[in-house]
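One structure is given below, encoded as structure tokens.
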Amino acid sequence: MSYLPILEEKKISPFGEKVKINFDTYSEDLNDDSGSIYCFINVFFEGKSIEYSFSIPNKGYSELWYEKFENAFLYNKDFREQFKSGNDSVDFEVTPKIPEPNELQKKDNSINLQNKINKINKKGGKFKDFLSLKSGRDKYSSFKKEQIFNMLNDDVLNNQEIKDLEEKEQLKVYRWILRGLNLENSIKKIKVDLEVGNNFRKT
Numbered sequence: 095m096s097y098l099p100i101l102e103e104k105k106i107s108p109f110g111e112k113v114k115i116n117f118d119t120y121s122e123d124l125n126d127d128s129g130s131i132y133c134f135i136n137v138f139f140e141g142k143s144i145e146y147s148f149s150i151p152n153k154g155y156s157e158l159w160y161e162k163f164e165n166a167f168l169y170n171k172d173f174r175e176q177f178k179s180g181n182d183s184v185d186f187e188v189t190p191k192i193p194e195p196n197e198l199q200k201k202d203n204s205i206n207l208q209n210k211i212n213k214i215n216k217k218g219g220k221f222k223d224f225l226s227l228k229s230g231r232d233k234y235s236s237f238k239k240e241q242i243f244n245m246l247n248d249d250v251l252n253n254q255e256i257k258d259l260e261e262k263e264q265l266k267v268y269r270w271i272l273r274g275l276n277l278e279n280s281i282k283k284i285k286v287d288l289e290v291g292n293n294f295r296k297t
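Numbering of the sequence shown is given in this note's numbering, commencing with residue 95 and proceeding in unit increments.
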């Protein structure tokens, strides 16, 4: 059985000044396309708690889907309502399509991300801090290798610790540097993501 525990806290959101999300998932076998991922969400805000329970097919699920899902869930009421079912679980035969971000979502995501980056650069970060650091789809996500290389100095491009990574992971490190995370923490961020991914595949 595989677990994907996620704990996310957002200080800015439509729910109020602070929102805390517990998002727990498990799957009997993530490699089985005919299987399902079972999701349980608790949203805490203004002294209240709302619970959601649903399942989606393994096929179509990814970390990127979750990043988009979490933001749409918080900022899009119509999208959120389809997961509400009282005491019963909502079972989706097809992975729900994620709507495009609205302007408030884009603004708040940018503020939250920059605050997290500044905090980690200043005080360092624990494992969970790097795990919760998510950019979503931003302008750097679509930058090609040539564009990225032109924006970085030789010290970064010649860093041996980065070179030891696979090319796709190298580009992820570079994108985090462009977002403002310093070199050391950008490497740590990708190594945390790799460790979580490897552990999940072994379970």
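Glycine residues also receive a C-beta, built at the ideal position from the N, C-alpha and C atoms. Note that this is a predicted model, so its numbers are computed, not measured.
By the Cβ rule, the stretch 266 to 273 counts as touching the stretch 228 to 242, because three or more pairs are nearer than 8 Å. Each of Thr189, Lys222, Asn165 was checked against the Cα of Pro195, and the nearest Cα belongs to Asn165. Inside the stretch 117 to 189, DSSP marks whole alpha helix (DSSP H) runs of 4 or more residues at positions 157 to 169, 171 to 175, from first to last along the chain.
Within the stretch 184 to 221, the complete alpha helix (DSSP H) segments of 4 residues or longer fall at 197 to 217, listed in chain order. The C-alpha of Tyr132 lies about 14 Å from the C-alpha of Phe163.
Here Ile135 is actually not in contact with Asn152; their C-beta atoms are around 18 Å apart, not less than 8 Å. Between the alpha carbons of Lys191 and Ser121 lies a gap of roughly 20 Å. Counting every other CB atom within 10 Å of its CB across the protein chains shown gives Lys142 a total below 16, marking it as exposed. As the crow flies, the alpha-carbon of Glu157 is around 31 Å from that of Asp248. With a cut-off of 8 Å on Cβ pairs, the stretch 237 to 244 is not in contact with the stretch 173 to 180, counting fewer than three such pairs.
Of the other Cβ atoms in all chains shown, fewer than 16 fall within 10 Å of the Cβ of Ser204; this residue is therefore exposed. Judged by DSSP secondary structure, Glu255 falls within the alpha helix (DSSP H) whose first and last residues are 254 to 257. C-alpha of Asn170 to C-alpha of Leu227: approximately 21 Å in a straight line. Under the criterion of beta carbons closer than 8 Å, Leu259 and Val267 qualify as touching, at roughly 7 Å. Here Val188 is exposed: its Cβ has fewer than 16 other Cβ atoms, across all protein chains shown, within 10 Å. In terms of CA proximity to Asp182, Ser149 leads the group Ser149, Asp202, Gly218. For Leu265, the enclosing alpha helix (DSSP H) begins and ends at 261 to 273. Between Gln199 and the set Phe186, Leu277, Val184, Ser229, the nearest pair of CA atoms involves Ser229.
Contact annotation: Ile211 and Asp223 have beta-carbon atoms that are not nearer than 8 Å. A Cβ-Cβ distance of about 6 Å is found for the pair Tyr146 and Lys178, placing them in contact under the 8 Å criterion.
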